[in-house]
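Chains as they are written, first to last, in the working numbering: chain A, 260 to 742; chain B, 24 to 517. Think of the CB as a built atom: it goes at the ideal place given N, C-alpha and C, for glycine as much as any other residue. Scroll down for the structure; my scribbles are underneath it.
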Amino acid sequence: MAVIQGATGDWEMVIGLEVHAQVTSNSKLFSGAATSFGAAPNTQVSLVDAAMPGMLPVINRYCIEQAIRTGLGLKAKINLHSVFDRKNYFYADLPQGYQISQFLQPIVGEGVVTLDMGEGVTREIGITRLHLEQDAGKSLHDQHPSQSYVDLNRSGIALMEIVSEPDLRSPEEVAAYLRKIRTIVRYLGTCDGNMDEGSMRADVNVSMRRPGEEYGTRCEIKNINSIRFAQQAINYEARRQVDILEDGGAIAQETRLFDSRKGETRSMRSKEESHDYRYFPDPDLLPLVLTQEEVDAIEATLPELPDAKKARLIADYGIGDYEAGVLVADRVRADFFEAVAKNRDSKLAANWVIGEFFGALNKAEKEISISPVDADALGGLLDLISDDTISGRIAKDVFEVMFETGKSAADIVEEKGLKQVTDTGAIEEMIQAVLDANEDKVEQYKGGKDKLFGFFVGQVMKASGGKANPKAVNEILRAKLGG
Amino acid sequence: MSADLTSLGLAEARDALAKKEVSSRELTSAYLAAIEDATPLNAFITVTADHALARADQADARIAAGEGGLIEGLPLAIKDLFCTDQIQTTAGSHILEGFKPQYESTVTANLWRQGGVMLGKTNLDEFAMGSSNETSFYGSVKNPWRRDGDSANLVPGGSSGGSATAVSAHLAAAAIGTDTGGSIRQPAAFTGTVGLKPTYGRCSRWGVVAFASSLDQAGPMTRSVRDAAILLRAMASYDSKDSTSVDIAVPDYETALTGDVKGLRIGIPTEYRVDGMPSDIEALWDKGIEWLRSAGAEIVDVSLPHTRYALPAYYIVAPAEASSNLARYDGVRYGLRVDGEQLQDMYEQTRAAGFGAEVKRRILIGTYVLSAGYYDAYYLQAQKVRTLIKQDFEKVFENVDALLTPTTPTPAFGIGERVDDPISMYLNDVMTVPANMAGLPGISVPAGLSSDGLPLGLQVLGKAFDEATILRVGEMIERAASFDARPQSWWSAS
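Here it is as structure tokens:
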């Protein structure tokens, strides 16, 4: 819980989110037009999307399935009877003069999302509903000095609006919530979750209250397109509201915009100026009726979801809560881990996948799909550690070369002669040479300067080029010095 | 073949074409000449003469090759609410003046596939909102009929007034219209023609400029019941592009015209005896009842108790849907644009200039009844009434096969007579609206003349997707009435 300390006492943030997630689908919600990102303006527009006279919407069944899939992923109730309504307002990029949406009877009802707040702390966030709606087009105001242009490529694209309960209490929880929603829809393949391409956007409702008291008046910050901006906007907005409240003022319910350059929110329209959308059931569409069998059939095809996967990774691989959380945040990464960990030391695998491997990917800004080291290759490296062919220290060097060249660990070890020396005779010889060359230090050690043990180990490792088995070195050295 | 080819209705022309007694080009040319001669009637907004002749030649070639569809080579008039590829489609509005769609409505595409020839696009009330054809931006249509000994121009009814006039004055072999609250049946009754509103979902709404989506339905407007049967079969289809289209096979409606109504149970709804109904209409209704009874049908008095609420509920539901359907005419993408300083100014000026008074009135009513705080009292209440009306019909149709009523409470009235009194104008639809509210099929058949010599229609209402029965009953009435009166061709210069 994020508490803001004001001069008159503490204030608690109350936050609810409306996430608009673009449905992954090749065609639009009510027309056959394509949906790919980045196409030339007005090249993906059907007669329906342009609202030509006499054109009629026809529901895209695939988008319906995607919404059901998402609802199931949010552990939500699927409504077998839902209705599409018209939300009426005029805007140049809204060709019909109304948006087809779902108002009173959405396709998905109440659900829940579990947030992992670290150190074993979880938070349950209620989902109020999920409904399907059409996206609008895009107005371009910067292309001409006196005119605006309209691009209808987005017009009619299917969006899922996922509405949360006002259960979030801090910007950190909001970030965790957005990441979790993104993870879930990506697992399900129902939205690509790319906020920078506009596939996922959020309207953030913020109000402040004295801890434990009634909800205050909220402001809605529209159209946030990054998790960082969401956090910035909430922090700014919370401070702004507290300042007003502390001065004895009242919050005006309104819609605000976040200016990411200035890091501020500013008023867009007041409650009085808000539209009367005149919702009514779209007479061009019949109510959407589903059967439980259809829903069950879709449920049967759901992949393992992040919460279940995390529990399983902990149980099956004995890895920690933190490691499991990192791995399941991305289905591909979790799959990679499992491929590496299979029939191997799973803790070693987790450490390597999360540490060296993810670190190298992040540094190189690469996705797993184009990683020069695949799961087999990384597994090969771990095998060399486990059978004492190389030490963990050498393995890190080998991994770097693998990541640069794409060669196998075994080849690199062979080429560079990095194989660990485990021959105790050879190690003993090296140790004796080091001791002979440092008689004064041996005297000091025997005189009680224990710290010098590390010095001897280092000298032996150096002499072996790092290849001496550290365990053997330790044992033999201790025997010789103690003797 | 005789000179007056325009005297041939759809079935007769079809048979003459089949016997090679006449060509489609000859028929088409005759109608194009008749249309030109009937300019004072103002039935057409756009005449597509070149297009028609080219299509007629293609039809003649197909007929010569022994091919051809159900209505091959037959010249038709199309209400200018159907989008026609590359041909101006106005919906009777200034806001769509000059608009040429890049697509063909499903209904007209069906007609062309069956060989139909389009003569032109007929006048209508703006966006089909009206019962007199006086709200068209393109001027009123005049009814070919006049009162006995009176030269005052009368309205043809609406909104499909241009199509009705075209059929009545023999400017086309047949026409199509749309019916949202009576827009096919009422003008048919006013012009002495046959008009059929099919079951909601029978004909596709794809490519038809929308007025009230849950009520709009396309249908045939013809000289005879047989013609209506032929044309309905040609235009109806299931259409996956219209979510409210129903996938039920389209039968050969002509086979339903057996001339036999023996054993059919015909309901007479008490509630249709409205106050102030002219005695000649009441008398005609009684005559209709007698015709059917003597033909062997069983007459049953029935009650549709919520009938009186149908009209007020209709005038909430239809404007509500219209207010939303017409939002797309904003000057941004097509049609009229009146530039403005800001986007809002452009909207206001475009819509102020583009829409007429009746359309604005209905947009305002519709916006009002959907507004926060009023929705429950008006729109929601109207939808509940609608459900009750449907249930009335469902209950009655458990016991009867069809219902017989007058089509309209009055015969055609004078141009300008009611234009300043929207309520009395709306009352015209009192007998036709319930079928739209319930989605049921209805047909108006000319059955007699009023005391001052104007045509009157009787309406037969049927069960959902049972157009065959109302055609059968309608044809029985047609036979019994043997209505053969024709308007004087006062409009003709030749």
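How is the beta strand (DSSP E) around residue i delimited, first residue to last?
i                           : result
lysine 102 of chain B       : 98-102
phenylalanine 67 of chain B : 67-70
tyrosine 54 of chain B      : Run containing tyrosine 54 of chain B: none in the beta strand (DSSP E); it sits in the alpha helix (DSSP H), 47-60.
aspartate 324 of chain B    : 321-325
proline 469 of chain B      : 465-472
lysine 397 of chain A       : 397-399
glycine 204 of chain B      : Premise fails: glycine 204 of chain B is in no beta strand (DSSP E) and is neither H nor E.
glycine 497 of chain B      : Note, glycine 497 of chain B: premise wrong, no beta strand (DSSP E); alpha helix (DSSP H) at 490-504.
valine 217 of chain B       : 217-220
In its own chain, which residues sit with a C-beta less than 6 Å from the C-beta of residue i, not counting the 5 before and 5 after it?
i                      : result
leucine 287 of chain B : Ala320, Asp424
alanine 61 of chain B  : Ala192, Leu194, Trp514
serine 526 of chain A  : Glu513, Arg515
serine 517 of chain B  : Asp60
serine 260 of chain B  : Asn133
Excluding the five sequence neighbours on either side, which residues of its own chain have a C-beta within less than 7 Å of the C-beta of residue i, listed in chain order?
i                         : result
glycine 311 of chain B    : Leu427, Ala470, Leu481, Ile500
tyrosine 391 of chain B   : Tyr397
proline 274 of chain B    : Ala491
serine 605 of chain A     : Tyr576, Gly577, Ile578
threonine 216 of chain B  : Ala187, Val190, Ser191, Met244, Thr245, Arg246, Pro469
methionine 300 of chain B : Pro432
asparagine 301 of chain A : Asp410, Leu411, Asn412
valine 672 of chain A     : Leu643, Thr648, Ile649, Val657, Lys678
proline 98 of chain B     : Leu50, Thr51, Tyr54, Ala75, Val140, Leu142, Ala195, Ala196
In terms of DSSP beta bridges, what is residue i paired with?
i                         : result
glutamate 688 of chain A  : For glutamate 688 of chain A, which the question treats as bridged, DSSP gives no partner whatsoever.
histidine 279 of chain A  : A:Glu420, A:Arg460
lysine 481 of chain A     : A:Leu516
threonine 428 of chain B  : B:Gln482
proline 540 of chain A    : A:Asp344
leucine 293 of chain A    : Note that residue 293 of chain A corresponds to alanine in the displayed sequence, not to leucine. A:Ser286, per the DSSP bridge assignment.
serine 523 of chain A     : Correcting the residue type first, residue 523 of chain A is glutamate in the shown sequence and not serine. Per DSSP, A:Asp518.
methionine 467 of chain A : A:Met272
arginine 528 of chain A   : A:Thr514
serine 30 of chain B      : Answer is none; serine 30 of chain B lacks a bridge partner.
glycine 452 of chain A    : According to DSSP, which records beta bridges pairwise, glycine 452 of chain A is partnered with nothing at all.
isoleucine 291 of chain B : B:Asp324
valine 297 of chain B     : DSSP lists no partner for valine 297 of chain B.
valine 680 of chain A     : A:Ala727
Write down the C-beta distance between residue i and residue j rounded to the nearest angstrom, noting that I regard them as a contact closer than 8 Å.
i                         : j                         : result
glutamate 582 of chain A  : isoleucine 613 of chain A : 6 Å
isoleucine 735 of chain A : threonine 683 of chain A  : 7 Å
glutamate 324 of chain A  : isoleucine 557 of chain A : 6 Å
alanine 198 of chain B    : leucine 64 of chain B     : Their Cβ separation, rounded to whole angstroms, is 13 Å, which puts alanine 198 of chain B and leucine 64 of chain B out of contact at 8 Å.
proline 478 of chain B    : threonine 112 of chain B  : Actually they are not in contact, since the Cβ atoms of proline 478 of chain B and threonine 112 of chain B sit about 30 Å apart, beyond 8 Å.
Near residue i, what residues of its chain come up, given a Cβ to Cβ distance below 8 Å and the 5 sequence neighbours on each side ignored?
i                         : result
methionine 454 of chain B : Gly205, Tyr295, Val297, Thr428, Pro429, Thr430, Thr431, Pro432, Gln482
serine 25 of chain B      : In this prediction, serine 25 of chain B scores a pLDDT of 46, lower than 50, which makes its location untrustworthy; the coordinate-derived value is nonetheless stated afterwards. There are no such residues.
serine 533 of chain A     : Thr514
serine 385 of chain B     : Sequence check: residue 385 of chain B is arginine here, not serine. Closer than 8 Å at the Cβ level, and outside the excluded window around arginine 385 of chain B, lie Met152, Ala341, Pro342, Ala345, Ser346.
methionine 720 of chain A : Ala727, Pro729, Val732
glycine 332 of chain A    : Ile443, Val444, Tyr446, Leu447, Thr449, Leu561, Leu564
With hydrogens ignored, establish whether the beta-carbon of residue i is closer than 7 Å to any heavy atom of the ligand SAH.
i                       : result
tyrosine 348 of chain A : The ligand content of the structure shown is nil, which means the ligand SAH is not present either.
So residue i is in the alpha helix (DSSP H); what residue range does that whole segment cover?
i                        : result
glutamate 90 of chain B  : It is not in any alpha helix (DSSP H) - glutamate 90 of chain B carries neither H nor E in the DSSP assignment.
threonine 8 of chain B   : What the structure shows of chain B is the stretch from 24 to 517, and residue 8 of chain B is not part of that stretch, so it cannot be assessed.
glutamine 264 of chain A : Where glutamine 264 of chain A is concerned, there is no enclosing alpha helix (DSSP H), although the beta strand (DSSP E) it sits in stretches over 262-265.
leucine 586 of chain A   : 580-587
leucine 200 of chain A   : Residue 200 of chain A cannot be examined here, being either before or after the span of chain A that is shown, 260 to 742.
aspartate 475 of chain B : Neither: aspartate 475 of chain B is in no alpha helix (DSSP H) and is coded neither H nor E.
glycine 717 of chain A   : 711-722
aspartate 535 of chain A : Aspartate 535 of chain A -> no alpha helix (DSSP H), and no H or E assigned at all.
Worksheet entry | Continuous alpha helix (DSSP H) assignments of at least 4 residues falling wholly in the stretch 307-392 of chain A | As far as the stretch 307-392 of chain A is concerned, its whole alpha helix (DSSP H) runs of at least 4 residues are 320-332.
Discussion item. Please give me, in chain order, every unbroken run of the alpha helix (DSSP H) with length at least 4 that falls completely inside the stretch 92-148 of chain B.
Written reply: Fully contained in the stretch 92-148 of chain B are the following alpha helix (DSSP H) runs of length 4 or more, in chain order: 129-136.
Worksheet item: Enumerated in chain order, which unbroken segments of the alpha helix (DSSP H) with a length of 4 residues or greater are wholly contained in the stretch 391-462 of chain B?
Response: Entirely contained in the stretch 391-462 of chain B, the alpha helix (DSSP H) runs reaching 4 residues are, in chain order, 404-419, 445-449, 456-461.
Worksheet entry | Completely contained beta strand (DSSP E) runs for the stretch 236-289 of chain B, where each covers 3 or more residues | Annotation note: the stretch 236-289 of chain B contains the following uninterrupted beta strand (DSSP E) runs of length 3 or greater, listed N- to C-terminal: 241-245.
Worksheet item: What residue ranges within the stretch 356-392 of chain B form continuous alpha helix (DSSP H) runs of no fewer than 4 residues, ordered along the chain?
Response: Runs of alpha helix (DSSP H) with 4 or more residues, each lying fully within the stretch 356-392 of chain B, are found at 366-377, listed in chain order.
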